[in-house]
Structures are given as structure tokens and as C-alpha cells.
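Counting from 1, position 217 in the sequence shown corresponds to residue 217 in the UniProt record's numbering; the numbering is continuous, with no gaps.
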Amino acid sequence: MILAPPRSPIEYVKANGMYKSIMSQIFTVQCFQVSTLTVLSYDFLLTMDKEVAYFWKLPISISSVAYFLNRYVGLFGAISVIWFSDISPSLRTGWAVNISDWTVMILIDYILQCRVLAMWNQQRVISMTLKFLLSLEAVLKLALLIYMNLRSRFQLKGIPEGHGLKFCNQGGNGLEVWGIMDWTIPLVYGIITLTLASYKALQYKGETSDNKLSPLVKILIEDQVIYFILVVYCCLINILQFYFQGVGNDYLANIFVCLGKPGFLSMMGSHLLINLNETYNQRDYKGSDYHGGTNLSSMEFSYGRNNNSDIHSV
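Below you can see the structure in the form of C-alpha cells.
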């Protein structure tokens, strides 16, 4: 932080007050981030036994790789953002935070894509469309991440009525529009996958004899809905963050960026795979709704249609 010398005792008092305001803002931001890291760490400890049971096994499956990347990259991002939110942030920690957020978003969308394609029996058109859209999302978000980080710079910013008080701040001209676009992309993809999953779930329900969803399909839909709600929340909060940044309200912008960090999406991604494994390994499951191996990458499930079973594999 850099403070320009005040020109009078009165200005000194005002500058000192603004300095305390800045430090209070930094403290508030870090409290939010520490709280997020605490929740992630607590969930990590609570689910460690399930992680060992379901994912610490050989051969290593794609599901296990996705699980470990999502969980530990999410924790790394939560730690990095605490370092970034101090009085002297750097581009290095900024890159670490943004890349971890990008990785978590793409991994969770990939997990959900696999589940939706399983429900659609790997239908060629749906499969090609979703894979293309996910690839497009990954490329666009990565391009926006690189562009905004390269355009971002550290600068001296004055505070209204601070009378010479300035502080070091990361900023860049015209980044607000790109930031809003960056968070609109996963929102659109989430709407598409939720629509496809909901449509197929209704079709399953109508084609079963008792007009009920199987436990596996039910958990797929429930996770999809919860994830979609979290994505909408994160996207809207981050869009508001860029809006406040654009109008010059840095305090609210920093508060909203804390509330909208995708750390909880990382936790959700872990539970997506844990919930599927738990449902798959239920002892009272009769086997009429799914067939499978020892891991979710080879899992298959089916639903009844005129006393026939259609097998869907992930």
C-alpha cells in the first residue's frame, strides 16, 4: 500500500480514517475467504472415509482423476485467494486463483455432461453437441481468463475525499464486460444440461410401470438441480461484482467477489461423484435399475420400457 503525504493536520486525520477503512475492507474480504476455506476443509474431513473407499483404488478411473482434480484444485484455489486478498496482491497469485476457478468449473461441467449422456444412452447428436459446447466453454473461458489477466494491471487508485491517499489496486480498463461474459457462458451451459436431464427424467418416469424414478436417476437429477442453483448464484454474484467494479464501487465489488467464488462448486463436484457411488453401492438395491463394475467410469444403468431394459453407460 502506498500513501501520499497529507498536506495538513486535517487532511492527515481524513487520510488516516481512509487508511483504516481500507484495512477494514481487506480484513472483511479475508474473513469471507477464511470462512470458505474452513467449510471446504470441514467437508474434506467429513468425506475422507468415502474418498478412500470409492476413489483410492486401482486401476485409476477417469472418475477418480476428475474427483481428485476437482477437490484438491478447489482447496488450492481457496488458499490462493487468501494470499491474493492482502494489501499487496500480485499477478502470480491472481493467475493461481483464476486458473483454479477455471479448472473447477470445467471439471464439474464435464462430470455433469457424462451423467447427462448416460441418461441419453450416448445418443450421437446429443453427445457431439454437448462435447462441442463444453470444449467451446473451456476455450472461451480460458481465452477470457488469459486476456483479462494480461489486461489487468496494478495501479495507484485515489479514494474520493481521501486528500492524497492512494492505494495499490489491481484493475484494467473495459474488463467488466468481459467478466460478465465469462460468467454468462457456464450459466448457458448449465441451462442446456439441466433441460436435457429433466426431459429425460420425465421420460423415464412415464415409461416405468410404477411411474417412479429409480434411485440412480433421481440422484442424478437432484444433483443437477442443486448444481444449477449454485451456478446461477455464482454467475449472478460475479456479474454484480463486475458491475460494481465498473461503476467504481470497489468495496462492494470485493465483497461480491468473495461471495461468488466457486469454492462451493468444488465441494458440490465432490459430492456429485460420492452420491453416485453411494447410490450404486446400496445393499438393498435390486439390480433392476442398473448394472455395473467397481467404479463409476464403467457404471451402467437401465430403465424399463415395455419389459425391456435399455442400458446406458457412463
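Where is the CB? At the ideal position from N, CA and C, for every residue including glycine.
Cα-Cα separation, Ser198 to Lys131 | 19 Å
The alpha helix (DSSP H) with Val139 in it runs from where to where?
-> For Val139, the enclosing alpha helix (DSSP H) starts and ends at Arg124 to Arg151.
Report yes or no: do the segment 220 to 238 and the segment 252 to 263 share at least 3 C-beta pairs separated by less than 8 Å?
-> yes
In three-state terms, what does DSSP make of Val52?
-> Residue state, collapsed to three classes: helix.
Report yes or no: is there a C-beta of chain C within less than 8 Å of the C-beta of Lys50?
-> Absent here is chain C; the protein component of the structure consists of one chain.
Just mark Ile60 as buried or exposed, buried being the case when its beta carbon has 16 or more other beta carbons within 10 Å.
-> exposed
Determine the direct distance from the alpha carbon of Lys218 to that of Ala201, and round the result to whole angstroms.
-> 8 Å
In angstroms with no decimal places, state the Cα-to-Cα distance between Ile146 and Leu240.
-> 21 Å
Cβ pair Val104, Asn70 closer than 8 Å | Val104 is a Cβ neighbour of Asn70, given a cutoff of 8 Å.
Curious, which full-length alpha helix (DSSP H) runs of at least 4 residues does the segment 214 to 259 contain?
-> Listed in chain order, they are 215 to 246 and 250 to 259.
CB-CB length for Lys141 against Trp102, believed under 8 Å = 6 Å
Ile185 to Leu117, Cα distance in whole Å?
-> 20 Å
Cβ shell of Ala96 (< 7 Å), same chain only, five flanking positions each side left out | Scanning its chain for C-beta atoms nearer than 7 Å, with the 5 sequence neighbours on each side dropped, one finds around Ala96 the residues Ser80, in chain order.
According to DSSP, is Ser24 helix, strand or coil?
-> Three-state DSSP puts Ser24 in a helix.
What is the DSSP secondary structure of Pro262, counted as helix, strand or coil?
-> Of the three classes helix, strand and coil, the one that applies to Pro262 here is coil, per DSSP.
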